[in-house]
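The numbering of the sequence shown is the working numbering, which starts it at 588 and goes up by one. Ideal Cβ positions, reconstructed from N, Cα and C, are used throughout, including at glycine.
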Amino acid sequence: MFVQFLPGLITLFGTVALLTAGIILLAGFLPMDMSKRDGASIAMTLLVCATGVAIAVCAVSLIVWCIDSLPVSWAIVAAGLGLLTGPLVFQILPNPLRNQPMGLICTMGVSLITGFLLHGTIPV
């Protein structure tokens with residue numbers, strides 16, 4: 588019985604770990620008025636907001652997919668392990684991705700692609 592849910596559990600674990608790393612990366616750019624190294628420009632504000640929306644879309648898509656695909660008890664355990672692994676994934680990222688806007692762009696792209704894949708918009 589466990590084997591039939593293994594791909595879904597691995598997907599849930601990996602997605603939650605990546606979303607947690609993305610949230611940590613996004614939190615490093617907030618509050619915007621304190622981030623004078625980037626000038627707190629309108630473009631940077633839009634990038635931070637767009638990344639936050641992309642992470643939220645991916646999280647909602649993950650929850651809907653998880654409710655349809657996995658037993659709740661196993662989903663909670665896999666998501667908890669992913670949540671604990673997220674900060675470790677963030678530490679592995681190279682410094683330019685952690686402290687530069689390129690990291691936000693990559694996070695936004697990965698979040699949107701993952702959300703669309705989970706929702707079934709992009710056929711695999």
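- In terms of Cα proximity to residue 678, the closest of 611, 696, 639, 704 is 611.
- Going by beta carbons, residue 592 and residue 657 fall inside the 7 Å limit.
- By the Cβ-count criterion, residue 628 is exposed, with fewer than 16 other Cβ atoms from all chains shown falling within 10 Å of its own Cβ.
- The DSSP-derived three-state label of residue 594 is helix.
- Residue range 659–679 is occupied by the alpha helix (DSSP H) that includes residue 674.
- If you draw a straight line from the Cα of residue 654 to the Cα of residue 684, it comes to about 32 Å.
- Residue 694 and residue 594 have their C-alpha atoms spaced approximately 23 Å apart.
- By the criterion of a C-beta distance shorter than 6 Å, residue 669 is surrounded in its chain by 600, 603, 604, once the five residues flanking it on both sides are discounted.
- Under the three-state reduction of DSSP output, residue 656 falls in the helix class.
- The beta carbons of residue 648 and residue 691 sit no closer together than 7 Å.
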